[in-house]
Every structure is written in C-alpha cells, then in structure tokens.
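Everything on this sheet refers to the single structure shown next.
In our numbering, the protein residues as written are 1123 to 1274.
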C-alpha cells in the first residue's frame, strides 16, 4: 500500500489510520532518513489509542511506554543503539508479547534481536510532503493493511 502525504497533518492522520487498524497489536518497523516523519507518524498511531499529549522520539531512553488498555503501545528509537546486544540487557523480548503495538524506529540497528515485523512502514521525503509505503510481512500484517482506512 502506498500513499502520498502532503504535510504533517496528513502524516499524523496516516498514523492514526495505522493505529486504528492495529488495535489488537502489531509490530511495526518505521524506516526513513532523519526527519522523514517517523515520530510524526508515531504521534498519529498514539492518537488512535487516545493519547493527546506530546510525543517525542525516545532516542536516549530507547523505549517510551504508553500503557493503554487493553493494548499498550511501546515506541522504540534505536538510532543511538551502540550494539544490538544491548537490547537483550534491557529485556527487549518482554515488550513483544503479541498483545501490544511496538513501533520501532531504526529497526536495522536491532537486527538479530527483534522479531519479524508485521508491517514495514517506509517514509521518504517527497517535497513538500512525503511518500508512505506500508508492506505486510506476516498474516497479521496483511490483516492490518487490509483494514487501513485513510481520511479523505
């Protein structure tokens, strides 16, 4: 599934659509260059779960938990990860229960320690906006893609 997002509001709306489609849980890898809109998209996903506060990228803490019922959301940013093995020490496997949504920015930095993503979301700058690509990698991911409904 591909879509052009003309501005920040469209990126948040696309994230909200992803969040609504992932209410039962999903692992989403978020790919794109610095400034591509990964955290903005994450803000939209969190809005779908009812979060109205600020959303910052957890660059230094590696993970920011959002405890929603019944589906918690964990926002990871692995950009500053020195060694993927550090994920093992932080108990990374405890986050991927199948009953939560895990948003993982810079997933290549955790290769070998992360599960297979249900969907890979790629954002590419295409001024004045960005291009969104959502690729299903599992049956759960395909169900998520099939359930996507974007605002007009």
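Cβ atoms here follow ideal geometry from the backbone N, Cα and C, with glycine treated the same way.
Taking the beta strand (DSSP E) that residue i falls in, what are its first and last residues?
i: residue 1247; result: 1241-1248
i: residue 1207; result: Note, residue 1207: premise wrong, no beta strand (DSSP E); not H, not E.
i: residue 1199; result: 1195-1199
i: residue 1238; result: Neither: residue 1238 is in no beta strand (DSSP E) and is coded neither H nor E.
i: residue 1150; result: 1148-1153
i: residue 1257; result: 1251-1258
i: residue 1224; result: 1223-1227
Consult DSSP for residue i and reduce its assignment to one of helix, strand or coil.
i: residue 1129; result: coil
i: residue 1187; result: strand
i: residue 1213; result: coil
i: residue 1144; result: coil
Starting from residue i and walking both ways along the alpha helix (DSSP H), at which residues does that stretch end?
i: residue 1170; result: 1160-1170
i: residue 1263; result: 1261-1269
Assuming the contact rule is C-beta atoms closer than 8 Å, residue i and residue j should be a hit. Round their C-beta distance to whole Å, please.
i: residue 1166; j: residue 1135; result: 6 Å
i: residue 1203; j: residue 1229; result: No, residue 1203 and residue 1229 are not in contact; Cβ-Cβ is about 10 Å, not under 8 Å.
i: residue 1225; j: residue 1152; result: 6 Å
i: residue 1146; j: residue 1193; result: 7 Å
i: residue 1127; j: residue 1243; result: Wrong, their Cβ atoms sit about 11 Å apart, outside the cutoff.
Which residues in the same chain have their Cβ closer than 6 Å to the Cβ of residue i, if we skip the five residues on either side of it in sequence?
i: residue 1272; result: 1139
Grab me the residues of residue i's own chain with a C-beta within less than 7 Å of its C-beta, minus the 5 sequence neighbours each way, in chain order.
i: residue 1143; result: 1266, 1269 and 1270
i: residue 1181; result: 1199, 1201 and 1202
| field | Touch test, the region 1263-1270 against the region 1171-1183, Cβ-Cβ under 8 Å, three pairs minimum | value | no
| query | Using 8 Å as the Cβ pair cut-off and three pairs as the minimum, do the region 1131-1142 and the region 1201-1208 touch? | reply | no
| field | Contact the region 1229-1239 vs the region 1154-1172: 3+ CB pairs below 8 Å | value | no
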